[in-house]
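What follows is a short report on a single structure.
Number of protein chains: 2
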Amino acid sequence: MSGAFAYSGSAISAIDDKGRLSVPAFLRKNLVESSDGRTLCLGTHEKWNCLVGFGLSRKADMLTEIEKQWEAAIARGDDFDKDAAGARKFSSLQDLSFDASGRFILPPQLREIGQLDNNVLFHGIGTTFCLWNPQVLLDTTDDVPVDRRLVEHHLKEAGQKSGGKQK
Amino acid sequence: MSGAFAYSGSAISAIDDKGRLSVPAFLRKNLVESSDGRTLCLGTHEKWNCLVGFGLSRKADMLTEIEKQWEAAIARGDDFDKDAAGARKFSSLQDLSFDASGRFILPPQLREIGQLDNNVLFHGIGTTFCLWNPQVLLDTTDDVPVDRRLVEHHLKEAGQKSGGKQK
DNA sequence: TATGTACCCATAAAATCCCGTAAAATCCCC
DNA sequence: GGGGATTTTACGGGATTTTATGGGTACATA
Numbered sequence: 487m488s489g490a491f492a493y494s495g496s497a498i499s500a501i502d503d504k505g506r507l508s509v510p511a512f513l514r515k516n517l518v519e520s521s522d523g524r525t526l527c528l529g530t531h532e533k534w535n536c537l538v539g540f541g542l543s544r545k546a547d548m549l550t551e552i553e554k555q556w557e558a559a560i561a562r563g564d565d566f567d568k569d570a571a572g573a574r575k576f577s578s579l580q581d582l583s584f585d586a587s588g589r590f591i592l593p594p595q596l597r598e599i600g601q602l603d604n605n606v607l608f609h610g611i612g613t614t615f616c617l618w619n620p621q622v623l624l625d626t627t628d629d630v631p632v633d634r635r636l637v638e639h640h641l642k643e644a645g646q647k648s649g650g651k652q653k
Numbered sequence: 487m488s489g490a491f492a493y494s495g496s497a498i499s500a501i502d503d504k505g506r507l508s509v510p511a512f513l514r515k516n517l518v519e520s521s522d523g524r525t526l527c528l529g530t531h532e533k534w535n536c537l538v539g540f541g542l543s544r545k546a547d548m549l550t551e552i553e554k555q556w557e558a559a560i561a562r563g564d565d566f567d568k569d570a571a572g573a574r575k576f577s578s579l580q581d582l583s584f585d586a587s588g589r590f591i592l593p594p595q596l597r598e599i600g601q602l603d604n605n606v607l608f609h610g611i612g613t614t615f616c617l618w619n620p621q622v623l624l625d626t627t628d629d630v631p632v633d634r635r636l637v638e639h640h641l642k643e644a645g646q647k648s649g650g651k652q653k
């Protein structure tokens with residue numbers, strides 16, 4: 487386990503007309519450390535209706551994890567489909583670089599899958615963080631353990647800023 | 487584990503009238519590093535209906551992987567046919583070089599086996615990446631763990647660009 | 001000479017970088 | 001601890017660079 491990166495906290499950020507959005511400040515230091523640069527990995531969440539993000543080093547960890555599973559399997563004489571494991575983990579993952587002011591462009595496919603329109607709620611969940619459309623998060627019937635009051639607060643705040651023009 | 491080359495992400499690319507297609511930008515840096523030049527290894531996938539690609543250095547890794555499997559088999563007292571394993575992995579592999587603008591010529595036999603017509607979906611699965619005909623990927627009954635929403639998105643995007651002239 | 005391949009140039013779209021500004025957070029001195 | 005000064009942040013907008021792709025041309029080779 488390389489770094490002790492524990493992502494926590496939450497913030498809302500807006501997508502502008504060019505499809506850019508800025509990484510909330512509270513995540514940047516961790517990302518820069520973990521990626522050794524201003525890089526952010528973003529992909530779809532396996533269960534929830536949101537995106538997941540983390541730094542590059544986590545991606546390397548994922549790779550070695552698969553490698554270990556494979557080695558354990560062949561030692562036992564079992565089969566292990568590395569490609570299937572890799573496809574599940576990596577196919578949606580994009581390495582994105584954000585600029586000095588913290589902004590990156592959200593690839594359209596991720597934006598669509600994450601159902602992100604104007605405002606994006608970032609929130610740390612430990613080894614990774616999630617990107618939600620706040621409304622989708624409130625409406626979800628999945629068991630996502632988040633404090634709804636927090637989401638409502640951010641949503642209200644965002645609504646004031648944009649004068650209710652979103653949606 | 488040589489490099490931390492973790493191929494991830496996905497993109498679609500078109501084959502032009504001359505049979506050329508360009509390596510998506512997000513794979514190039516990795517390939518150049520891994521191959522020490524603009525080289526790409528391409529072959530057929532052992533199980534899936536697609537092609538696999540990676541940089542030159544991965545070939546050495548594959549060799550040591552076979553070695554490991556052999557050792558594990560010996561330790562268990564099992565048989566392991568190294569030549570068969572090698573044949574499976576290497577016989578379809580071709581080293582291709584892509585030009586400064588990222589394009590290479592897809593050899594007809596690989597194109598045929600991969601069932602690639604106009605649009606090729608590249609997607610990283612960790613140590614390698616796959617090249618699919620997006621429609622074939624959607625239609626496949628094999629257990630290929632990919633986020634279908636991604637494939638559908640790319641397909642839609644490609645359809646718009648070419649005005650539906652493919653197929 | 002036909003054919004396939006590597007190069008060269010062109011172009012539109014997309015991504016990246018750079019600069020500016022206003023609001024928010026932080027600092028600092030009394 | 002209050003209040004202004006400084007720094008950081010979140011964003012808008014333009015300029016530059018990189019991509020993806022079309023099309024031409026020269027060179028080898030069969």
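Protein chains in written order, with my numbering: chain A, 487 to 653; chain B, 487 to 653. Yeah, the Cβ is synthetic: ideal placement off N, Cα and C, and Gly gets one too. Just so you know, these numbers come straight off a predicted model, no measurement behind them.
Determine which residues share a DSSP beta bridge with residue i and list them.
i, result
"A500/A", "N605/A"
"C616/B", "V538/B, H609/B"
"L507/B", "F590/B"
"D581/A", "C527/A"
Leaving out the 5 sequence neighbours to the left and right, which residues in its chain are closer than 8 angstroms to residue i when beta-carbon positions are compared?
i, result
"V532/B", "Sequence inspection shows Glu at residue 532/B; the Val mentioned does not correspond to that position. Cβ neighbours of E532/B beyond the five flanking positions: R574, K575."
"I552/A", "K568, A571, G572, K575"
"V630/A", "W534, L623"
"Q580/B", "C527, L528, G529, P593, L596"
"M548/A", "K575, F576"
"D628/A", "K533, W534, N535"
"R589/B", "R506, L507, S508, V509"
"T614/B", "Y493, V538, G539, F540, R544"
"G650/A", "Reliability fails at G650/A, whose pLDDT of 40 lies under 50, so the model's placement of it is uncertain and the value that follows must be treated cautiously. Answer for G650/A: no residue qualifies."
"D633/A", "none"
Please look up how many angstroms separate the CB atoms of residue i and residue j, rounded, as I've assumed it's under 8 angstroms.
i, j, result
"W556/B", "F566/B", "5 angstroms"
"L537/A", "C616/A", "7 angstroms"
"K545/A", "A492/B", "5 angstroms"
"S578/B", "T530/B", "4 angstroms"
"G478/B", "I599/B", "Nothing about residue 478/B can be read from this structure; chain B reaches only from 487 to 653."
"A586/B", "A561/A", "Contact flag wrong, Cβ pair sits at about 45 angstroms."
"S583/A", "R524/A", "6 angstroms"
"G563/A", "D564/B", "6 angstroms"
Keeping to the same chain, check which residues put their C-beta closer than 7 angstroms to that of residue i; ignore five residues upstream and five downstream.
i, result
"P510/A", "A497, S499, F608"
"T626/B", "N535"
"N516/B", "F491, Y493, G541"
"T550/B", "none"
Just to confirm my understanding: we take residue i, look at its own chain, exclude 5 residues before and 5 after, and list those with CB closer than 6 angstroms. What are they?
i, result
"R635/A", "none"
"L641/A", "P620"
"W459/B", "No information on residue 459/B is available, as it lies outside the stretch 487 to 653 that chain B covers here."
"G610/A", "Y493, S494, G495"
"S521/A", "G541, L542"
"E638/A", "none"
"F512/B", "G495"
"L602/B", "N619"
Output, in sequence order along the chain, the residues in the region 501-533 of chain B whose CB is closer than 9 angstroms to any CB in chain A. Taking a C-beta cut-off of 9 angstroms against chain A, the contacting residues of the region 501-533 of chain B are F512, H531, E532, K533, listed in chain order.
Complete alpha helix (DSSP H) runs within the region 517-577 of chain B (minimum length 4 residues, chain order): 543-562, 568-576
Taking a Cβ distance cut-off of 8 angstroms, strictly less, list which residues of the region 611-622 of chain B are near chain A, in chain order. I611, G612, T613, T614, C616
Report the residues of the region 583-599 of chain A with a CB closer than 8 angstroms to any CB of chain B, ordered along the chain. Of all residues in the region 583-599 of chain A, the ones placed with a Cβ closer than 8 angstroms to any Cβ belonging to chain B are P594, Q595, E598, I599, in chain order.
Contact residues within the region 571-582 of chain A, judged by C-beta distance below 9 angstroms to chain B: A571, G572, A573, R574, K575, F576, S577, S578, L579, Q580, D581
Positions along the region 548-573 of chain B whose CB lies within less than 8 angstroms of some CB in chain A: K554, Q555, A558, A559, A561, R562, D564
For the region 533-546 of chain B, list every residue whose C-beta sits within 9 angstroms of some C-beta in chain A, in sequence order. K533, W534, V538
Cβ-based contacts, 8 angstroms cut-off: residues of the region 629-641 of chain B near chain A: D629, V630, P631, V632, D633, R635, L636, H639, H640
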